[in-house]
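Numbering (mature numbering (1 follows the signal peptide of the UniProt record, and there is no 0)), first residue to last: -33 to -1, 1 to 107.
Right under this line is the structure:
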């Protein structure tokens, strides 16, 4: 994995310096040959892991931005996706995992809003719950 990063770094540097098409081809080659194994890698490389196959293409292309807006860490989202791989029917399992995560954040938002100083944290939890509910609706 480190060698791929080195090739990508070299190619992107060469592309900036020379502007040549060869450097851009070097940049694209290693990334196309390997699919991402995590959401963090997906957000960097743009190639979705197999656990996201149940999402439509437009949702995959917007996923990283939506995660950033909802302040959902890629590591946390990877845990949610890991829960969805335990069943044979991936779409159903993914919907269940996303709904469970949305429910967790909804309950957290409600408990935080009951405290005197939990307003900002409650709003963040509501954003996370809305993110997971949006994805749940998009699963094919």
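Note that CB positions come from ideal geometry on N, CA and C, so glycine has one too.
Just so you know, these numbers come straight off a predicted model, no measurement behind them.
Measuring alpha carbon to alpha carbon, tell me which residue in the options is nearest residue i.
i	options	result
residue 20	94, 9, 99 and 57	57
residue 152	33, 6, 61 and 103	In the structure displayed, the chain extends from -33 to 107; residue 152 sits before or after that span and is not available.
residue 61	10, 22 and 9	22
residue 108	9, 48, 69 and 41	Past the edges of the chain, shown from -33 to 107, lies residue 108, and the structure says nothing about it.
residue 114	49, 26 and 42	The displayed coordinates of the chain run from -33 to 107. Any statement about residue 114 would go beyond what the structure contains.
residue 104	34, 26, 87 and 14	26
residue 100	71, 13 and 14	71
Using the beta-carbon count (16 or more within 10 Å), is residue i buried or exposed?
i	result
residue 90	exposed
residue 30	buried
residue 49	exposed
residue 24	exposed
If residue i sits next to residue j, beta carbons under 8 angstroms apart, how far is it from one beta carbon to the other, in whole angstroms?
i	j	result
residue 65	residue 106	7 angstroms
residue 51	residue 18	6 angstroms
residue 129	residue 96	Outside the shown range of the chain, which is -33 to 107, sits residue 129, and nothing can be said about it.
residue 86	residue 37	17 angstroms between Cβ atoms; not a contact.
Can you grab the Cα-Cα spacing for the pair residue i / residue j, in whole Å?
i	j	result
residue 92	residue 74	9 angstroms
residue 1	residue 59	A caution first: residue 1 carries a pLDDT of 47, below 50, which makes its placement in the model unreliable, though a value can still be read off. Straight-line Cα distance between these residues: approximately 26 angstroms.
residue 11	residue 32	12 angstroms
residue 47	residue 63	10 angstroms
residue 13	residue 34	14 angstroms
residue 79	residue 16	34 angstroms
residue 28	residue 102	12 angstroms
residue 67	residue 84	26 angstroms
Flag residue i as yes when its Cβ comes closer than 6 angstroms to any non-hydrogen atom of the ligand NAD, and as no otherwise.
i	result
residue 12	Questions concerning the ligand NAD fall outside what the structure shown contains, since it holds no ligand whatsoever.
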